């Protein structure tokens, strides 16, 4: 699950806007006189709040899904190799079928 969590964190890092990026955007907008300084600061704060809130929601959702998947029982590579070996032996006639499975 470590790889999954690392991938999720990478994705969240991309989503998470840095304060510097937001401030740069707002600064450019204020230069063009589309925004005054006060409105610009308000915009920075709102964007950062929204970004953090969205990140928390996504993290929660992903953690719930990872937990759900981690509780499922999946065949391991070793399980599959063992089953393949039994199947090969049965197909070659070298193994006896398990009497528990006969009807």
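Numbering (the working numbering), first residue to last: 8 to 110. Note that CB positions come from ideal geometry on N, CA and C, so glycine has one too. Note that the structure is predicted; figures quoted are calculated from it, not measured.
- The beta-carbon separation of residue 73 and residue 55, rounded to 26 Å, does not stay under the 8 Å limit for a contact.
- By the beta-carbon neighbour count (other beta carbons within 10 angstroms, threshold 16), residue 33 is buried.
- DSSP places residue 100 in the coil class of the three-state scheme, outside both helix and strand.
- If you look at residue 66, you'll find it in the alpha helix (DSSP H) that goes 44-78.
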